[in-house]
Amino acid sequence: MTNANSPASDDRIPVIVGVGEITDRPADLKSGLEPLALLEQALKRAEQDSGGKLLGGIQSLDVVNFLSWRYRDPEIRLSEKLGIRPKHAYYGPVGGESPIRYLHEAAQRIARGECSVAAVCGAEAQSTATKAQRAGVELPWTPFAHDVPEPKRGAAFQKPMAVKLGVFRPVTVYPFYEAATSAHWGQTPREAMAESGQLWSTYSNVASQNPNAWLKRRVTSEEITTPSADNRLIAWPYTKLMVANPTVNMGAAVLITSLAKARAAGIAEDRLIYVWGGASAEEQRDYLIRDQFIQSHPQNAVLEAVMDLVGGDGKAFDAIELYSCFPCVPKMARRTLGLGADVQPTVTGGLTFFGAPLNT
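Here is the structure:
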């Protein structure tokens, strides 16, 4: 757990100074940006957002794992593109929680005095890559690194029997949570579906107003939960509109500096976001060794830890982002936080409608 409430000086107070986002919808496949280019653009937008000149001074760089394209040492390639040589340059393994964890680890480095400018970034170009493969189009991107091992994920963490039976992908595992939680909460299947549909409809409403969202259309609860030609059943109870949408081209970056560095760069005080604290925990990757499916112990531990930072009341947060590929996870999270079904669960629009650039 990180807590930067009482650092020694302004040199050790971490602040977020800039964020950058990019959503790429190319007119033709060959003009689509590859993940490295999306990262570069997102970082430049983050610098522009900060109002300072910071990219050249990055000392800590964390790059979220890609799945849409494969590079050898992407953190080094990105550093070369930016003309920087950070002391810490890291490209991580698969992990959907990694962007938030990297942000807090960067804040910890600043709090320890190890750096004054840090960047965390991630991107995927799955939409362009998938369409190009289907159309037989060769993309003018950095050559695909076939000699780099495929990232470990999915079946690699599961027992052979689960793989043999075809029950190892998240979309086939999380229905266990949907069934178990609804029974634990005393809901009928119809009531559980209604809660999921209403929750996801709320996400769509937020995404419809987000200029960076991939799907900007308000969708009703009934549309979301009812199978149709355009909303096929993926794995009961999930329809297409109830699961994450990874077929997107999106990138994002965050710049974190010390308070002293931000002030020296002339960044206005009202642009600074202080990193007060955070928590991290990891679930067992093999779902068959988890003790039950009515809750997530790591998620509970993390949420309870951050609630302690605000006096133990989940209602104290001005904004929350309860994101997941599937409805059961934010449904569990809002109950742990003590929030009602009418809570605004997102500021982005969620992984179905805003978009799900995989680990990013």
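Per numbering that gives the first Met the number 0: the sequence shown ends with 359, consecutive numbering throughout. Cβ coordinates follow ideal geometry from the N, Cα and C atoms, glycine included. Everything numeric in this text was worked out from a predicted model, so none of it was measured.
Own chain partners of residue i with C-beta closer than 7 Å, once the 5 adjacent residues on each side are dropped
{"i": "Ala105", "result": "Ser59, Asp61, Ala117, Val119, Ile255"}
{"i": "Arg152", "result": "Val93"}
Exposure label - residue i; buried when at least 16 CB within 10 Å
{"i": "Ala183", "result": "Position check: residue 183 holds His in this sequence, whereas Ala was assumed. With fewer than 16 other Cβ atoms within 10 Å, it is exposed."}
{"i": "Val205", "result": "buried"}
{"i": "Gly337", "result": "exposed"}
{"i": "Asn4", "result": "With a pLDDT of 49 at Asn4, under the threshold of 50, the predicted position of this residue should be treated as unreliable, though the coordinate-derived value follows. The residue is exposed, with fewer than 16 neighbouring Cβ atoms inside 10 Å."}
{"i": "Lys52", "result": "exposed"}
{"i": "Ala154", "result": "exposed"}
{"i": "Phe353", "result": "buried"}
{"i": "Thr391", "result": "For the chain, the structure presents residues 0 to 359; residue 391 sits outside this window and is missing."}
{"i": "Ile15", "result": "buried"}
Span separating the alpha-carbon of residue i from that of residue j
{"i": "Leu38", "j": "Met241", "result": "28 Å"}
{"i": "Pro85", "j": "Glu222", "result": "48 Å"}
{"i": "Phe292", "j": "Ser227", "result": "29 Å"}
{"i": "His296", "j": "Ala340", "result": "21 Å"}
{"i": "Leu214", "j": "Thr225", "result": "18 Å"}
{"i": "His103", "j": "Gly277", "result": "7 Å"}
{"i": "Arg284", "j": "Arg262", "result": "42 Å"}
{"i": "Arg289", "j": "Asp9", "result": "43 Å"}
{"i": "Gln157", "j": "Phe175", "result": "15 Å"}
{"i": "Pro25", "j": "Tyr70", "result": "22 Å"}
Where the alpha helix (DSSP H) containing residue i begins and where it ends
{"i": "Met160", "result": "159–163"}
{"i": "Asp48", "result": "34–49"}
Proximal residues to residue i (C-beta, below 8 Å), its chain only, five neighbours per side dropped
{"i": "Glu190", "result": "Ser181"}
{"i": "Pro326", "result": "Glu177, Glu194, Ser195, Leu198, Trp199, Met241"}
{"i": "Thr359", "result": "Val63, Pro98, Gly121, Ala122, Glu123, Met249, Gly250, Ala251"}
{"i": "Glu46", "result": "Gly17, Gly19, Lys52, Leu53, Leu54, Leu254"}
Cβ-Cβ distance between residue i and residue j below 8 Å
{"i": "Ser323", "j": "Thr246", "result": "no"}
{"i": "Leu66", "j": "Glu123", "result": "yes"}
{"i": "Arg270", "j": "Gly55", "result": "no"}
{"i": "Gly19", "j": "Ala259", "result": "no"}
{"i": "Gln298", "j": "Ala332", "result": "yes"}
{"i": "Glu75", "j": "Arg44", "result": "Just to set this straight, residue 75 is Ile in the shown sequence, not Glu. No, they are not a contact pair."}
{"i": "Asn230", "j": "Thr238", "result": "yes"}
{"i": "His87", "j": "Arg108", "result": "yes"}
{"i": "Val170", "j": "Ile233", "result": "yes"}
Where the beta strand (DSSP E) containing residue i begins and where it ends
{"i": "Ser59", "result": "59–62"}
{"i": "Val301", "result": "Counting along the chain, Val301 falls outside any beta strand (DSSP E), though it belongs to the alpha helix (DSSP H) covering 296–308."}
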